[in-house]
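**Student:** Keeping their order, the protein sequence lines are chains A and R. Take 1 as the starting number for the first sequence in our numbering and just add one per residue. Take 48 as the starting number for the second sequence in our numbering and just add one per residue.
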Amino acid sequence: MNIADIVILAVIGLAVALAVRYIVKSSKNGGCCGDCGRCGGCSRHQQ
Amino acid sequence: METLRNIKIGETVRVESVGGEGALRQHFLDMGLIPGAEVTLVKYAPMGDPMELRLHGYELTLRLADAEQIGVCPVASKKEAAKKEHRHKKSEHPGLGEGGRFHAKDDGVPLEKGTVMRFALVGNQNSGKTTLFNRLTGSKQHVGNFPGVTVDRKDGAIKGYPDTLITDLPGIYSMSPYSSEEIVSRNFVLNEKPHAIINIVDVANIERNLYLTMQLLEMNIPMVVALNMMDELTSNGGTIDINQMERRLGVPVVPISAAKNKGIEELVEHAIHIAYYQERPLRYDFCAKNENGGAVHRCLHGISHLIEDHAESVDMPIRFVTSKVIENDKLVIDKLGLDQNELETVEHIVSQMEKERGLDRSSAIADMRFSFIHRLCDDTVKKPAESREHIRSRRIDRFLTGKYTAIPAFILIMGMVFFLTFNVIGAFLQGLFETGVDKLTELTDKALTNAHVNSVIHDLVIDGIFAGVGSVLSFLPIIVTLFFFLSLLEDSGYIARVAFFMDKILRKVGLSGRSIVPLLIGFGCSVPAVMSTRTLPSERDRKMTILLTPFMSCTAKLPIYAFFVNAFFPKRGGLIMIGLYLLGIVSGIIAAYIFKGTLFRGEAVPFVMELPNYRLPSAGNVLQLLWEKAKDFLQRAFSVILIATIAVWFLQSFDLKLNMVEDAGDSILAKIAGIFAPIMKPVGLGDWRILVALISGFMAKESVVSTLKILYSGDVASAMSSMTAACLLVFSLLYTPCVAAIAAVKRELGKKWALAEVVWQCAVAWLATLVIRAVLLLIGVG
Chain A
1 MNIADIVILA VIGLAVALAV RYIVKSSKNG GCCGDCGRCG GCSRHQQ
Chain R
48 METLRNIKIG ETVRVESVGG EGALRQHFLD MGLIPGAEVT LVKYAPMGDP
98 MELRLHGYEL TLRLADAEQI GVCPVASKKE AAKKEHRHKK SEHPGLGEGG
148 RFHAKDDGVP LEKGTVMRFA LVGNQNSGKT TLFNRLTGSK QHVGNFPGVT
198 VDRKDGAIKG YPDTLITDLP GIYSMSPYSS EEIVSRNFVL NEKPHAIINI
248 VDVANIERNL YLTMQLLEMN IPMVVALNMM DELTSNGGTI DINQMERRLG
298 VPVVPISAAK NKGIEELVEH AIHIAYYQER PLRYDFCAKN ENGGAVHRCL
348 HGISHLIEDH AESVDMPIRF VTSKVIENDK LVIDKLGLDQ NELETVEHIV
398 SQMEKERGLD RSSAIADMRF SFIHRLCDDT VKKPAESREH IRSRRIDRFL
448 TGKYTAIPAF ILIMGMVFFL TFNVIGAFLQ GLFETGVDKL TELTDKALTN
498 AHVNSVIHDL VIDGIFAGVG SVLSFLPIIV TLFFFLSLLE DSGYIARVAF
548 FMDKILRKVG LSGRSIVPLL IGFGCSVPAV MSTRTLPSER DRKMTILLTP
598 FMSCTAKLPI YAFFVNAFFP KRGGLIMIGL YLLGIVSGII AAYIFKGTLF
648 RGEAVPFVME LPNYRLPSAG NVLQLLWEKA KDFLQRAFSV ILIATIAVWF
698 LQSFDLKLNM VEDAGDSILA KIAGIFAPIM KPVGLGDWRI LVALISGFMA
748 KESVVSTLKI LYSGDVASAM SSMTAACLLV FSLLYTPCVA AIAAVKRELG
798 KKWALAEVVW QCAVAWLATL VIRAVLLLIG VG
């Protein structure tokens, strides 16, 4: 394994970590029912 | 009595009675179809149903069956013609919502320093709320020229005021919610208790818009009225006496043009002022003591005193609650917890009012509001005879919704959209993109070889990531081009017309014309399509439309079609593409018939919809949408598809003992996919590589191509027969939507429906592929 291998693996690892973060984050954006006080079903009221 | 159904084109009649019941009847009344209103029949849809009516200065569509429930009588001469010209005297500026001059309430308590002021942006559908929201916050939400573009709330801070939070709510016609996105708005205003309301009013339809304003005033929340599209009114020769309107409504009134960014600063100043000082409306009592014998006035005030304690205990505004109790709004009545005696007393008072007024409870309240609005508009608004925008719309509609031209024009327009996307603009740009991606792959390959990168990592980068993500990226231009055309159609106001003339056809399969909008959006992407079903007023229609959306082939499937068509059927590309889209539509129609006879018996909801004027789509808006779609696609390519390609590469390169395999048939992936092979064998898709590609397609449809490219080491064309390719195309067209679309279904309908949709679509795809395969075998293909 040379330095290029390590750099490439690090870049791919970072890309995958960011991709997972993006997927988790976007899955939280639910639709709003307007009754935020009691609902808790989406994350919009926390923004 | 004559009904609205029997009048002739161009004839103007006066509404005598409004039939029907429940929420629909309330919706008729809220849209201005109240006893005494004058209605003109503009035209019928090309297939004779529904009809287009003109009332209160705007166009409304109504089915013949619903028109039959509205009793009418002839009008001798047009009221407008007989109306005398009002000369508006110069009135003094009341100065509401302005500091240092006049405060609505001396006892107004300013908010504590540092409190985040929450505003609700409320108005009718298609009145320009989202345009104003974008102006106020500097954000870039998509706007369209179709009632119901906003189906979800959106939040943002007003530019220059970080301690503010403004919420853009879906458009509503009244505080009696009719569809689910209207419930979002009503719930928000009632339960979230914003510090102030910014009520946007479209001056082109001022009477109908003020109907909502009056109900918002009843909420007793500080409010500012923004009269939008003032530039259009004044350029057509109209005027509004702003000062007098402000004085009569008891809240600040600010003329603006959200599209042209005029009056926004003044609006913000007023909004901040009333929110900070909590200046509530000066009045919310619009029932005159002597009007029509005063029956409605006595009824409102009598019930108001009777239920005051209940309204206070549940912290709801008394006037709003009283109106809703009279209108028999079950949600509000249940919340109040009135006892039997009180309920009976309410019923006695309402019965007496109905008797004295000669109108039923809901009509009487609607009539009281519209009477005030008419008096207000007579005294303060000078309308242009007919706006330029309306004249233009009328002319365009002669062709686009004409009896003999509407359907051919629709087919021509949609044909042009698909032709330009797949054969001309999109295809050309895709070619350029593909060359670019190939060149980049080549350069990276060389660089990795020169850097003596480990062969496994080299394989991962070139055969995994570049083959996977790269192949999907090249389809970006086609997707953006299709969205460009769909956005033009929506922004221009044409989609609303399509809903109008497609209503009769869609009703045959159990849907209403409004369902055409989600279905057309479904050709772009299933996620917004599922979201947009919120504009449909009945649960039955919503569920049915959501279940039919996957049959409309979304743009994410385009890479699959384009790839196989180029590889296997290059000479019949266009034909096969059109064939696939048609197969999706035909399968959808068959599914709709099945649903209509089983799960969703009964009739679609009435088609009551406003037809907006045609507008020239704004370049900024279209570009904004394209950028969002491109960004969304790129984010998917570098998130879901990146992970899927790396996972697929890993699983197909290693065996269960994590040794690198020579033959992909020994890999982990082959073992997993082998379990499902017997199920897929009858439809000709038993190859484990195809199965893996289809499973990865559940994450994102585009990754079907990338996975196949990885698994077949880039040489799919020679490793697969035309028959298999055809079966794969049909299966991909119909099988389960991607995980994002299923998540949207789960949000709208719940877990069970989402799961049912996955199973149902897979079953439909399997069956359709089996049939197609049998037909192809019979005619000797493959």
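In this text, a Cβ means the ideal position worked out from N, Cα and C, and glycines have one as well. Since the model is a prediction, treat every value here as computed from it, not as a measurement.
Sort R:76, R:735, R:670, R:807 by Cα distance to residue 63 of chain R and report the nearest one.
**Tutor:** If we check each option's Cα against that of residue 63 of chain R, R:76 comes out closest.
**Student:** If we cut at 9 Å on Cβ distances, does residue 818 of chain R have a partner in chain A?
**Tutor:** no
**Student:** Would you list the residues sitting across from residue 657 of chain R in a DSSP beta bridge?
**Tutor:** R:107
**Student:** Identify, in the order they occur along the chain, each residue of the same chain with its Cβ nearer than 8 Å to the Cβ of residue 451 of chain R, setting aside the five sequence neighbours on each side.
**Tutor:** 93
**Student:** Quick check on residue 463 of chain R: buried or exposed, where buried means 16 or more other Cβ atoms within 10 Å of its Cβ?
**Tutor:** exposed
**Student:** Do you know how far the Cα of residue 698 of chain R is from the Cα of residue 714 of chain R?
**Tutor:** 6 Å
**Student:** With the cut-off set at 9 Å, would you say residue 776 of chain R and residue 622 of chain R are in Cβ contact?
**Tutor:** no
**Student:** Answer with yes or no whether the minimum CB distance from residue 634 of chain R to chain A is below 9 Å.
**Tutor:** no
**Student:** Residues in the same chain with beta-carbon distance under 8 Å from residue 308 of chain R, minus the five sequence neighbours each way, listed in chain order, please.
**Tutor:** 182
**Student:** In chain order, which alpha helix (DSSP H) runs of at least 4 residues are fully inside the stretch 719 to 771 of chain R?
**Tutor:** 735 to 746, 750 to 758, 763 to 766
**Student:** In angstroms, rounded to a whole number, what distance separates the CA positions of residue 469 of chain R and residue 735 of chain R?
**Tutor:** Each residue's alpha carbon lies about 31 Å from the other.
**Student:** Quick one: what does DSSP say residue 208 of chain R is sitting in, helix, strand or coil?
**Tutor:** When secondary structure is reduced to three states using DSSP, residue 208 of chain R falls in the coil class, being assigned neither helix nor strand.
**Student:** Kindly say whether residue 19 of chain A, judged by its beta-carbon, lies nearer than 9 Å to any beta-carbon of chain R.
**Tutor:** True, the Cβ-Cβ gap to chain R drops below 9 Å.
**Student:** If residue 218 of chain R and residue 170 of chain R are in contact, beta carbons under 8 Å, what's the gap, nearest whole angstrom?
**Tutor:** Indeed, because the Cβ distance is near 6 Å, the residues count as touching under 8 Å.
**Student:** From which residue to which residue does the beta strand (DSSP E) around residue 302 of chain R run?
**Tutor:** 300 to 302
**Student:** Could you give the residue range of the alpha helix (DSSP H) that holds residue 809 of chain R?
**Tutor:** 798 to 825
**Student:** Residue 545 of chain R and residue 457 of chain R look like a contact to me (Cβ under 8 Å); what is the Cβ gap, rounded to whole Å?
**Tutor:** 6 Å
**Student:** So what does DSSP say about residue 96 of chain R, is it helix, strand or coil?
**Tutor:** coil
**Student:** From residue 836 of chain R to residue 647 of chain R, what distance separates their C-alpha atoms?
**Tutor:** Look at the range of chain R in this structure, 48 to 829, and you will see that residue 836 of chain R is not part of it.
**Student:** Strictly under 9 Å for the Cβ-Cβ distance: is residue 64 of chain R near chain A by that measure?
**Tutor:** no
**Student:** Suppose you measure from the CA of residue 5 of chain A to the CA of residue 496 of chain R; what does that come to, to the nearest Å?
**Tutor:** When rounded, the distance between both Cα atoms is 11 Å.
**Student:** Using DSSP with H/G/I as helix, E/B as strand and the rest coil, what is residue 578 of chain R?
**Tutor:** When DSSP states are grouped into helix, strand and coil, residue 578 of chain R belongs to the helix group.
**Student:** Return no unless some Cβ of chain C is closer than 9 Å to the Cβ of residue 508 of chain R.
**Tutor:** Of the protein chains in the structure, A and R, none is chain C.
**Student:** So which residues on chain A does residue 465 of chain R lean against when the C-beta distance must stay under 7 Å?
**Tutor:** Within 7 Å Cβ-Cβ: nothing; residue 465 of chain R doesn't reach chain A, min ~30 Å.
**Student:** Go through its chain and collect everything with a Cβ distance to residue 752 of chain R's Cβ below 7 Å, but skip five positions before and after it.
**Tutor:** Around residue 752 of chain R: 518, 519, 606, 607, 610.
**Student:** Determine which residues of the stretch 675 to 695 of chain R have a Cβ less than 7 Å from any Cβ of chain A, and write them out in chain order.
**Tutor:** 682, 685, 686, 687, 689, 690, 693
**Student:** Just to make sure I have the definition right: I need the residues of chain A whose C-beta is within less than 7 Å of the C-beta of residue 275 of chain R. Which are they?
**Tutor:** Residues of chain A passing the Cβ test: none, with the nearest at roughly 23 Å.
**Student:** Report all residues from its chain with a CB closer than 8 Å to the CB of residue 391 of chain R; omit the five preceding and five following residues, and keep chain order.
**Tutor:** none
**Student:** Of the choices R:583, R:590, R:603, whose alpha-carbon is the least far from that of residue 570 of chain R?
**Tutor:** R:603
**Student:** Between the C-alpha atoms of residue 642 of chain R and residue 176 of chain R, what's the straight-line distance to the nearest angstrom?
**Tutor:** 36 Å
**Student:** Which of the residues in the stretch 490 to 504 of chain R, read from start to end, lie with their CB under 7 Å from any CB of chain A?
**Tutor:** The stretch 490 to 504 of chain R vs chain A, Cβ under 7 Å: 498, 499, 500, 501, 504.
**Student:** Determine, using beta carbons only, whether residue 525 of chain R and residue 576 of chain R come nearer to each other than 9 Å.
**Tutor:** no
**Student:** Step through the CB atoms of chain A and report whether any lies within less than 9 Å of the CB of residue 552 of chain R.
**Tutor:** Chain A contact via Cβ: absent.
**Student:** Taking the beta carbon of residue 640 of chain R as the centre, do at least 16 other beta carbons fall within 10 Å, making it buried, or is it exposed?
**Tutor:** exposed
**Student:** What whole-angstrom Cβ distance do residue 708 of chain R and residue 701 of chain R have, given they're in contact under 8 Å?
**Tutor:** Confirmed, Cβ separation roughly 6 Å.
**Student:** For residue 509 of chain R, count neighbouring C-beta atoms within 10 Å of its own C-beta (all shown protein chains included) and say buried if the count is 16 or more, exposed if not.
**Tutor:** buried
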